[in-house]
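Enquirer: Here the protein sequences come in this chain order: U and H.
Under the working numbering, the first residue of the first sequence is numbered 23, with each subsequent residue one higher.
Under the working numbering, the first residue of the second sequence is numbered 64, with each subsequent residue one higher.
Where is the CB? At the ideal position from N, CA and C, for every residue including glycine.
Quick one: the structure is below, questions incoming.
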Amino acid sequence: GENVEQHPSTLSVQEGDSAVIKCTYSDSASNYFPWYKQELGKRPQLIIDIRSNVGEKKDQRIAVTLNKTAKHFSLHITETQPEDSAVYFCAASIGGDDMRFGAGTRLTVKP
Amino acid sequence: DSGVTQTPKHLITATGQRVTLRCSPRSGDLSVYWYQQSLDQGLQFLIQYYNGEERAKGNILERFSAQQFPDLHSELNLSSLELGDSALYFCASSVGRIAVNEQFFGPGTRLTVL
Numbered sequence: 023g024e025n026v027e028q029h030p031s032t033l034s035v036q037e038g039d040s041a042v043i044k045c046t047y048s049d050s051a052s053n054y055f056p057w058y059k060q061e062l063g064k065r066p067q068l069i070i071d072i073r074s075n076v077g078e079k080k081d082q083r084i085a086v087t088l089n090k091t092a093k094h095f096s097l098h099i100t101e102t103q104p105e106d107s108a109v110y111f112c113a114a115s116i117g118g119d120d121m122r123f124g125a126g127t128r129l130t131v132k133p
Numbered sequence: 064d065s066g067v068t069q070t071p072k073h074l075i076t077a078t079g080q081r082v083t084l085r086c087s088p089r090s091g092d093l094s095v096y097w098y099q100q101s102l103d104q105g106l107q108f109l110i111q112y113y114n115g116e117e118r119a120k121g122n123i124l125e126r127f128s129a130q131q132f133p134d135l136h137s138e139l140n141l142s143s144l145e146l147g148d149s150a151l152y153f154c155a156s157s158v159g160r161i162a163v164n165e166q167f168f169g170p171g172t173r174l175t176v177l
């Protein structure tokens, strides 16, 4: 089955700086790559996703890039704010089925 | 509020016991997914159902089973519970397999095995 690796496991940045989280996947058939944000004690919520026919997608301060050849995708958060502090999970699936998550990155944004 | 409901919110039980967790998907969603999240751990995919049928299976133990009913709600049954089964169990739903769609997560059921 699909295996998703995520790095780093923890990330601390100063407010206003950028944060980058990287993930790799193993199954070349995977074609859907969402990113979820989970605040302490709450449910995971989708923040952005990308499909395999697109190389990059941006939504305000958040962007995701996908390199199908290398089988890796990354989350970029610019102008970080304290409220961006949370655990971020990447995931990969084939058509939305059998979604496998990375181990998560705990992002801390220091004011 | 995602529209996905899970009951109970908390569950405390003893080793060796059996429990049932319930999930109601968003209206119109046909796919239901179950995940296990242990303390400070990631989301482990357990199993997925689509319109009543098992669609994909992840790292689900043989002691665990699930089903999706005709009204599309789903139940996750955990038996012969062990201390290590203590975790937050999330259910998520999506429209289905017509197109790739966002999964919406429920609030989770926190299971504590003593």
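Note down the Cα distance separating Q100(H) from S34(U), rounded to an integer number of angstroms.
Expert: Rounded to whole angstroms, Q100(H) and S34(U) show a C-alpha spacing of 23 Å.
Enquirer: Using a Cβ-Cβ distance cut-off of 7 Å, determine whether E165(H) contacts chain U.
Expert: So yes, E165(H) belongs to the interface.
Enquirer: Does the stretch 91-102 of chain U come within contact of the stretch 66-85 of chain H, defined as at least 3 CB pairs closer than 8 Å?
Expert: no
Enquirer: At a CB-CB cut-off below 8 Å, which residues of chain H make contact with R65(U)?
Expert: S65, F153, F168, G169, P170, G171
Enquirer: Counting along the chain, where does the beta strand (DSSP E) carrying N89(U) start and finish?
Expert: 84-89
Enquirer: On the DSSP letters alone, give me the boundaries of the beta strand (DSSP E) that P56(U) sits inside.
Expert: Its beta strand (DSSP E) spans residues 54-60.
Enquirer: Give a yes or no on whether the C-beta atoms belonging to T68(H) and S90(H) are separated by under 7 Å.
Expert: no
Enquirer: If the criterion is Cβ atoms closer than 7 Å, does the pair N53(U) and S31(U) meet it?
Expert: no
Enquirer: Alpha carbon to alpha carbon, what distance is there between S40(U) and N140(H)?
Expert: 43 Å
Enquirer: With the cut-off set at 7 Å, would you say R128(U) and V26(U) are in Cβ contact?
Expert: In this structure, V26(U) does not lie closer than 7 Å to R128(U) by Cβ.
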